[in-house]
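Working notes for the structure below.
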Amino acid sequence: IQDATANELKETQGEALRADQRLMAKRFFMRALTMGTATSSRPTASMGWWDGRMAETGADGAAPPSWKGNTFNTGHNHYDTTGAADLALSDFSALKREIREHGYSGPLFLFMNSEQVEECENLAGWTSAMTPNSIIETVATQGFEAIKQFQGFTIIQDDWITEGYLMAIEAKIRPITMRLPLNKSAQGLKLWEGPYSAYPLQEAYYSHRFDMAVCHRGAGAVREITTDASYTNPTFTF
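Residue numbers are given in the numbering used here: position 15 of the sequence shown equals residue 437, and the series is strictly consecutive.
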């Protein structure tokens, strides 16, 4: 460390901050793309967006609340498949309907992997035009790449979302929330000293205590692009 330049130390710190951002992005998509596991464990029997498992053992058995003339049962599901190997315009319409029918009327964001962006370029009505507006500018400040507006969605390309999946959310509210320690001094990215008191930076390490959870279950919907009839959770490793 004594031989390190100021720029080298800044780069080490900068990489830790970038790694923390990557971790939060990965956790965000994991929570958004993972439906309940239908086990007897209450926290995981039904979770994420409405997943059709609200009546499973360990879940609370509550159906989504009605909205205007729309009523729902405990099998109501926002995790579905396209039923085909390729995207279609009807997939966009279905995602939009699943959010709007619960009363969420704000701007809609649609996250997709770069592979799906290439697929969309072959759909009717897809053009390269993107008109800047306040929504696009806000997305950019959050580190996401908004590539266009299409079928009522602001399309966001991000390769942290698993290839073969689409995720739509309503952006007027915050559908996914951060879970943080109650003790404010324990929040955020922390640098912990190593085991040697005389050399606290030797074997020092960073940690960040947090998690995320869907808090507005009707404000998002997911599609897996597959011919399978049943949705499969993507795999994430941490």
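Beta carbons are placed, not taken as given, at the ideal position from N, Cα and C, and that holds for glycine.
Just so we're clear, the structure is a prediction, and the values are computed from it rather than from any experiment.
| Item | Value |
| --- | --- |
| Under 7 Å between C-beta atoms of Tyr526 and Val644 | no |
| N-terminal and C-terminal residue of the beta strand (DSSP E) that Met600 is part of | 598-601 |
| Given Trp489 as reference, the closest of Lys448, Ala641, Gln435 once Cα atoms are compared | Ala641 |
| Presumed contact (8 Å Cβ cut-off) between Ala626 and Gly610, rounded CB distance | The Cβ separation is near 16 Å, so there is no contact. |
| Any 3 or more C-beta pairs closer than 8 Å across the stretch 528-545 and the stretch 583-602 | yes |
| Asp633 versus Glu430 - alpha carbon distance | 31 Å |
| Same chain, Cβ closer than 8 Å to Gly574, neighbours up to 5 away in sequence not counted | Phe514, Lys518, Leu530 |
| Straight-line gap, His498 to Ser607 (C-alpha atoms, nearest Å) | 41 Å |
| Distance, Met457 Cα to Ala635 Cα | 11 Å |
| Inter-residue spacing [alpha-carbon to alpha-carbon] between Ile373 and Cys542 | Any property of residue 373 remains undetermined from this structure, which presents the chain solely from 423 to 660. |
| C-alpha gap between Glu646 and Ala447, whole angstroms | 19 Å |
| Candidates Tyr587, Ala484, Gly491: closest to Asp523 by CA position | As written in the sequence, residue 523 is Glu, which differs from the Asp given in the question. Selected option, being the one with the closest Cα: Gly491. |
| Three-state class that DSSP yields for Gln538 in the structure shown | helix |
| Nearest-angstrom Cβ-Cβ length linking Thr584 and Leu455, presumed shorter than 8 Å | 7 Å |
| Simplified DSSP assignment, three categories, for Ala441 | helix |
| Proximity of Thr657 and Thr503 at Cβ, strictly below 7 Å | no |
| Selection from Pro597, Phe451, Tyr621 that minimises the alpha carbon distance to Ile521 | Pro597 |
| Inter-residue spacing [alpha-carbon to alpha-carbon] between Asn655 and Thr493 | 27 Å |
| Cβ distance (whole Å) where Ile578 is taken to contact Gln571 below 8 Å | Actually they are not in contact, since the Cβ atoms of Ile578 and Gln571 sit about 11 Å apart, beyond 8 Å. |
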